[in-house]
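**Student:** First, the structure itself, so that you have it in front of you.
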Amino acid sequence: MVKFKPLDPEFPIDRQLGIDAGPVVLVNLFTVDPVDQDALVAAWKSDAQWMKAQPGYISTQLHKAIGDGGMYLNYAVWDSVADFRAAFSNPEFQAHLDHYPSSAVTAPHLFEKVAVQNCCTV
1 MVKFKPLDPE
11 FPIDRQLGID
21 AGPVVLVNLF
31 TVDPVDQDAL
41 VAAWKSDAQW
51 MKAQPGYIST
61 QLHKAIGDGG
71 MYLNYAVWDS
81 VADFRAAFSN
91 PEFQAHLDHY
101 PSSAVTAPHL
111 FEKVAVQNCC
121 TV
């Protein structure tokens, strides 16, 4: 089963799930023993396919850190925290977490876009 580690210990994902915001981006850093990388990708793929069918899901992309390490970044876009919370808290999804290799550690965090004049818009 995957182990959870907060990306920001002052405001972990369980606290973020109580906020009403949207749209949001889930940034989820995974670390895994390099021998377990195929198992991590297989578990993530299964979860991603399930999430794609959930209300409020927009998109996702998995990235692997360059080099020989075992770090991955998942970037997923959701209509709202409420939609992500409903999917993430669903018992069917929670049961999938057992499919991750025992060396897997995940650090999920939700973000909102920031408008910066002449650089990016909301």
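Sequence positions in the sequence shown follow the UniProt record's numbering and run 1 to 122. Every residue, glycine too, gets a C-beta built ideally from N, C-alpha and C.
(1) Would you identify the three-state DSSP class for Gln-54, choosing helix, strand or coil?
(2) How long is the line joining the alpha carbons of Gln-94 and Phe-88, rounded to whole angstroms?
(3) If the criterion is Cβ atoms closer than 8 Å, does the pair Val-32 and Ala-76 meet it?
(4) Spatial neighbours of Asp-83 within its chain, please: C-beta separation below 8 Å, excluding the five flanking residues on both sides.
(5) Residue range of the alpha helix (DSSP H) that Phe-111 falls in?
(6) Who are the near neighbours of Ala-65 in its chain, counting only those whose CB is closer than 6 Å to its CB and skipping five residues on each side?
(7) Give every residue of the same chain whose Cβ lies closer than 6 Å to the Cβ of Val-2, excluding the five residues on either side of it in the sequence, and list them in chain order.
(8) Measure the C-alpha to C-alpha separation of Ser-102 and Pro-9 and round it to an integer number of angstroms.
**Tutor:** By the coordinates alone:
(1) Indexing the sequence shown from 1 puts residue 54 at position 54. If DSSP states are grouped into helix, strand and coil, Gln-54 belongs with coil.
(2) The residue labelled residue 94 in the question sits at position 94 within the sequence shown. The residue labelled residue 88 in the question sits at position 88 within the sequence shown. Cα to Cα, Gln-94 sits roughly 7 Å from Phe-88.
(3) Start at 1 with the first residue of the sequence shown, and residue 32 comes out as number 32. Start at 1 with the first residue of the sequence shown, and residue 76 comes out as number 76. No, the Cβ-Cβ distance between Val-32 and Ala-76 is not below 8 Å.
(4) Counting from one through the sequence shown, the residue named residue 83 turns up at place 83. Non-local beta-carbon contacts of Asp-83 in its own chain, meaning distances under 8 Å to residues more than five positions away in sequence, involve Gly-22, Gln-54, Pro-55, Gly-56 and Tyr-57 in chain order.
(5) Residue mapping note: residue 111 aligns to position 111 of the sequence shown, counting from 1. Not the alpha helix (DSSP H): Phe-111 falls in the beta strand (DSSP E), residues 105 to 111.
(6) Residue 65 sits at position 65 when you count from the first residue of the sequence shown. Excluding sequence neighbours, Ala-65 sits near Met-71.
(7) As a position in the sequence shown, residue 2 is number 2, starting the count at 1. Counting only residues of its own chain and dropping the five nearest sequence neighbours on each side, Val-2 has a CB closer than 6 Å to the CB of Leu-97, Tyr-100, Ala-104 and Thr-106.
(8) Start at 1 with the first residue of the sequence shown, and residue 102 comes out as number 102. Start at 1 with the first residue of the sequence shown, and residue 9 comes out as number 9. Cα to Cα, Ser-102 sits roughly 22 Å from Pro-9.
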